[in-house]
Ligand SMILES: Cc1cc2nc3c(=O)[nH]c(=O)nc-3n(C[C@H](O)[C@H](O)[C@H](O)COP(=O)(O)O)c2cc1C
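Residue numbers (the numbering used here): 1 to 188.
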């Protein structure tokens with residue numbers, strides 16, 4: 001059976017640039033035999049972590065909050081590769097993406113994080129032509145720190161500038177990069 005790739009999209013625009021990059025990664029991964037599932041975080045009920053510590057009690061698996069993260073935890077646990085696609089909002093990744101990532105806290109224990117050893121890829125879209133001025137570098141740095149902390153493997157980052165929904169499609173070189181990243185996630 002092929003690799004399992006989970007894609008989480010953190011933009012409210014279902015046909016936006018992050019979704020476009022995500023779809024291209026999905027095509028590449030599927031063409032290389034992976035099983036891909038994409039989730040649009042916007043519109044899902046994902047509450048903020050309340051720091052209750054319930055997830056650190058042995059009586060609980062994952063998080064005690066009963067919301068849509070309960071559907072996503074098993075997907076995160078069973079995925080071989082996890083892709084996060086986000087627009088840059090105010091010089092970092094979107095709030096939808098942040099809520100999702102905060103709740104990964106529920107996957108941690110004294111033994112480490114359930115996401116440890118998994119492959120990750122990051123896809124970002126932003127308006128400013130300069131990745132430093134846009135905040136994309138800031139977001140990428142946050143992902144690098146977070147993934148190092150949970151001992152996961154960041155295998156690729158695809159990021160580019162676009163404003164209107166779907167405009168990123170015009171950047172053929174970037175689309176190819178996204179497709180190839182999908183193939184890589186399915187094969188490595
Ligand atoms: C609330 C908001 C904040 C934004 N902040 C930034 C920013 O800090 N830097 C930037 O370069 N673009 C910013 N943008 C532009 C988006 O990142 C850009 O349009 C991106 O391509 C949207 O991706 P999407 O189509 O996946 O939603 C912002 C857009 C919105 C709506």
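Ideal Cβ positions, reconstructed from N, Cα and C, are used throughout, including at glycine.
Since the structure is predicted, the reported quantities are computational estimates derived from the model, not experimental observations.
Residue range of the unbroken beta strand (DSSP E) whose run includes residue i
i           : result
residue 39  : 35-40
residue 131 : Where residue 131 is concerned, there is no enclosing beta strand (DSSP E), although the alpha helix (DSSP H) it sits in stretches over 131-134.
residue 87  : 81-89
residue 122 : 119-126
residue 99  : That residue, residue 99, is in no beta strand (DSSP E); its alpha helix (DSSP H) goes 95-102.
When the options are compared against residue i, the one with the closest alpha-carbon
i           : options              : result
residue 129 : 160, 106 and 148     : 160
residue 37  : 31, 150, 8 and 44    : 8
residue 99  : 42, 176, 180 and 188 : 42
residue 15  : 87, 63, 58 and 72    : 87
residue 145 : 158, 85, 6 and 120   : 120
residue 170 : 28, 31, 20 and 35    : 20
Nonlocal neighbours in the same chain, by C-beta distance under 6 Å from residue i, ignoring five residues either side
i           : result
residue 13  : 165
residue 190 : Residue 190 cannot be examined here, being either before or after the span of the chain that is shown, 1 to 188.
residue 97  : 10 and 86
residue 25  : 83, 178, 181 and 182
Distance, residue j Cα to residue i Cα
i           : j           : result
residue 122 : residue 162 : 16 Å
residue 40  : residue 110 : 31 Å
residue 33  : residue 103 : 30 Å
residue 22  : residue 156 : 13 Å
residue 167 : residue 137 : 21 Å
residue 79  : residue 3   : 8 Å
residue 68  : residue 56  : 20 Å
residue 141 : residue 70  : 28 Å
Contact with chain C by residue i, beta-carbon distance below 8 Å
i           : result
residue 173 : Here chain C cannot be found, since the structure has a single protein chain.
Residue span of the alpha helix (DSSP H) that contains residue i, given as start and end
i           : result
residue 188 : Neither: residue 188 is in no alpha helix (DSSP H) and is coded neither H nor E.
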